[in-house]
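Numbering (this note's numbering), first residue to last: 10 to 171. Ideal Cβ positions, reconstructed from N, Cα and C, are used throughout, including at glycine. Keep in mind that this is a model prediction, so the values were computed, not measured. Before any comments, here is the structure.
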């Protein structure tokens, strides 16, 4: 087991300085360690150590650029609910594996209720979505029922938790 995996297994509870760091990095992940340190009133070395610890324990999972989907020709967003025809570990595992390989699916949730999963799908056009749905998604074995909801406008979209 790698050090990173071992670190994740050990329970780590962030303190208030860690939460200050997380709030800053959620809003701007491009901040330098020096900038973060200055804003939380700590020197750069312990700030860097705290950031590394947050990364090692999986509290900070990754750093990403949030891209405006319309600017990259992904103007259609669809929330697609899926119910599987069989409810067992094998069927669910196969479905999950296939969907995880689809780049059009940008978020993927296991849910409770009448449906088993919700997929957030983006595409360039209605024709592209139709092609994806008919020729790729609906071909995945084990789907019993689907319901697609087309997003007309995004009112709020955020990845900030704190």
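Bounds of the alpha helix (DSSP H) holding residue 28 are 25–36. Counting along the chain, the unbroken alpha helix (DSSP H) around residue 106 starts and ends at 98–109. Residue 92: member of the beta strand (DSSP E) spanning 85–93, first to last residue. Beta-bridge partners of residue 119 (DSSP): 126.
For residue 158, the secondary structure class from DSSP, reduced to helix, strand or coil, is strand. A check of alpha carbon separations from residue 84 across 69, 113 and 107 identifies 113 as the nearest. According to DSSP, residue 152 shares a beta bridge with 93. Residue 49 has its alpha-carbon roughly 47 Å from the corresponding atom of residue 141. For residue 139, the enclosing alpha helix (DSSP H) has its first and last residue at 135–141.
Residue 56 holds the alpha-carbon nearest to the alpha-carbon of residue 24 among 93, 148, 56 and 87.
Residue 42 carries a helical assignment under DSSP once its states are collapsed to helix, strand and coil.
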